[in-house]
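Residue numbers (UniProt numbering): 1 to 252.
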């Protein structure tokens, strides 16, 4: 038997061959996805991934910032933004190459700009008014950028509000709807990890601890009998149930 020629039809792929390869890849992907789903359910790999490479450095940075918030004002511009700049580079470059629609790029560029420079906006909230550029102070006063006063509440007891660091326009919505408190509950019941804020309500920083003004909202948060804003009584039963379940599970 003589060897086939380089252009012999027997060496070419047919649609039958391609369909079988596609079917094989599909079954492999289905098997892999089941393995991943099973891993998520058992937390075998999800917790190390979340605690380590995926968000570990972010968690460490956030905790460090709340211990020593003043350090963000000492970071040089590129040092403060380089981590987000890397993400934006890899995320936006493919979109630049794939799309030519100006509407798409208008959204992408604005969204990416706010993400990449969010840490600089954040740093300005920790600066003193006299040392900030006048245009920055003006934008903060107009509400285009998150203000120094608004973000200062984030670093004061009860440490559960004003998380947004770009414009702060969503702070009221997130605070009143208890979005981040709900996420804490989800993480606790899914991963069994208690948020540090439940047992360490005070900042560990060396700066002077301050308390938020005694508004009706803060008094409701501090009251043992009220775990939500009194105006949202429809959530009271659910919230108290969460507290009861947490207390039971923590005693096991």
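All residues carry an ideal CB built from backbone N, CA and C; glycine is no exception.
message = Quick check: the Cα distance between residue 156 and residue 91, rounded to an integer number of angstroms?
response = Here residue 156 corresponds to residue number 156 of the chain shown, with the count starting at 1. Here residue 91 corresponds to residue number 91 of the chain shown, with the count starting at 1. If I take the Cα positions, the gap works out to 35 Å.
message = Could you check whether residue 167 and residue 144 sit closer than 8 Å to each other, using their CB atoms as the reference points?
response = Residue mapping note: residue 144 aligns to position 144 of the chain shown, counting from 1. Residue mapping note: residue 167 aligns to position 167 of the chain shown, counting from 1. For residue 144 and residue 167, yes; Cβs fall inside 8 Å.
Status (buried if at least 16 other CB within 10 Å, exposed otherwise) for residue 161 = Residue numbering aside, residue 161 sits at position 161 when the chain shown is read from its first letter. So residue 161 ends up on the buried side.
query = Do residue 197 and residue 159 have their C-beta atoms closer together than 8 Å?
reply = Position 197 of the chain shown, counted from the first residue, corresponds to residue 197. Position 159 of the chain shown, counted from the first residue, corresponds to residue 159. Yes, the Cβ-Cβ distance between residue 197 and residue 159 is below 8 Å.
inquiry  = Quick check: residue 128 and residue 146, are their CB atoms within less than 8 Å of each other?
reply    = To locate residue 128, count along the chain shown from 1; it is residue 128. To locate residue 146, count along the chain shown from 1; it is residue 146. The answer is no: Cβ separation not under 8 Å.
ask   = If you drop the 5 nearest sequence neighbours on each side, which residues of the same chain put their C-beta closer than 6 Å to that of residue 136?
value = Numbered from its first residue, the chain shown carries residue 136 at position 136. Within the same chain, and ignoring the five residues on either side of residue 136 in sequence, the residues whose Cβ sits closer than 6 Å to its Cβ are 124.
message = Between which residues of its own chain and residue 115 is the CB-CB distance below 8 Å, once the five residues before and five after are set aside?
response = Taking the first residue of the chain shown as 1, we reach residue 115 at position 115. Result list for residue 115: 84, 87, 88, in chain order.
inquiry  = Is residue 198 close to chain D? Criterion is C-beta to C-beta, closer than 8 Å.
reply    = Chain labels in this structure do not include chain D; a single protein chain is all it has.
task = Report the residue ranges of all beta strand (DSSP E) runs contained in full by the stretch 109–167; include only those spanning at least 3 residues, in chain order.
result = Taken in chain order, no unbroken stretch of beta strand (DSSP E) lies wholly in the stretch 109–167 with a span of 3 residues or more.
query = Are residue 122 and residue 165 close, meaning C-beta to C-beta below 8 Å?
reply = In the chain shown, the residue the question calls residue 122 occupies position 122. In the chain shown, the residue the question calls residue 165 occupies position 165. Yes, the pair counts as a contact, with Cβ atoms nearer than the cut-off.
inquiry  = Short of 6 Å in beta carbon distance, which residues of its chain neighbour residue 77, apart from the five on each side in sequence? Order them along the chain.
reply    = The residue labelled residue 77 in the question sits at position 77 within the chain shown. The answer is none, since no qualifying residue turns up.
ask   = residue 65 and residue 72: beta carbons closer than 8 Å?
value = Walking along the chain shown from the start, residue 65 turns up at place 65. Walking along the chain shown from the start, residue 72 turns up at place 72. Yes, these two residues count as a Cβ contact at 8 Å.
query = From residue 61 to residue 183, what does the alpha carbon distance come to, in whole angstroms?
reply = Here residue 61 refers to the residue found at position 61 when the chain shown is read from its first residue. Here residue 183 refers to the residue found at position 183 when the chain shown is read from its first residue. Each residue's Cα considered, the two are about 20 Å apart.
For residue 93 and residue 101, the rounded distance between their alpha carbons = By one-based count along the chain shown, residue 101 stands at place 101. By one-based count along the chain shown, residue 93 stands at place 93. So the alpha carbons of these two residues sit roughly 15 Å apart.
ask   = Hey, how far is the Cα of residue 112 from the Cα of residue 81?
value = In the chain shown, residue 112 corresponds to position 112, counting from 1. In the chain shown, residue 81 corresponds to position 81, counting from 1. Spanning the two alpha carbons is a distance of roughly 13 Å.
message = Quick check on the burial criterion: 16 or more other C-beta atoms within 10 angstroms. Buried or exposed for residue 96?
response = The count along the chain shown starts at 1 and reaches residue 96 at position 96. Residue 96 sits exposed, since fewer than 16 C-beta atoms from the chains shown fall within 10 Å of its C-beta.
Where residue 197 sits in the DSSP three-state scheme = Counting from one through the chain shown, the residue named residue 197 turns up at place 197. Helix, per DSSP.
inquiry  = What residue range does the alpha helix (DSSP H) around residue 101 cover?
reply    = Counting from one through the chain shown, the residue named residue 101 turns up at place 101. Careful: residue 101 lies outside any alpha helix (DSSP H) and carries neither H nor E.
key: Counted within 10 angstroms of its Cβ, other Cβ atoms place residue 117 as buried (16 or more) or exposed   = Reading the chain shown from its first residue, position 117 is the one you call residue 117. That one is buried.
ask   = Under a Cβ-count criterion, where at least 16 other Cβ atoms within 10 Å of its own Cβ denotes burial, should residue 70 be classed as buried or exposed?
value = The count along the chain shown starts at 1 and reaches residue 70 at position 70. That one is exposed.
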